[in-house]
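Position one of the sequence shown corresponds to residue 6 (this note's numbering), numbered consecutively onward.
A short worksheet on the structure shown next.
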Amino acid sequence: MSKELAAVELAKELARMEGVLQPDGTWTRKDPRMLFNYYSRAVKKVFAFDPDTLDEDE
């Protein structure tokens, strides 16, 4: 999975956890900036994560 796709999936999961995105895929708020805000947060998490730097003992 590409990092971009992982960020989209993480953004959806963040929105679901906060109750903004319903299980059927509809948004509880119609603000178009909502998706961008969740995607922005997800991109920061996904692109900051580097699996090559993980210690195998942890």
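Beta carbons are placed, not taken as given, at the ideal position from N, Cα and C, and that holds for glycine.
Where L26 falls, given that 16 or more other Cβ within 10 Å makes a residue buried: One-based indexing of the sequence shown puts residue 26 at position 21. Burial call: buried.
Rounded C-alpha distance that separates Y44 from W32: If you number the sequence shown from 1, residue 44 lands on position 39. If you number the sequence shown from 1, residue 32 lands on position 27. Going from the Cα of Y44 to the Cα of W32 covers about 14 Å.
Anyone know if the C-beta pair for L10 and R46 falls short of 8 Å? For the purposes of this step, residue 10 is identified with residue 5 of the sequence shown, where counting begins at 1. For the purposes of this step, residue 46 is identified with residue 41 of the sequence shown, where counting begins at 1. Taking 8 Å as the Cβ cut-off, L10 and R46 do not qualify as a contacting pair.
Report the option in D29, A53, V13 and P28 whose CA atom is closest to the CA atom of N42. The residue labelled residue 42 in the question sits at position 37 within the sequence shown. Comparing Cα positions, the closest option is V13.
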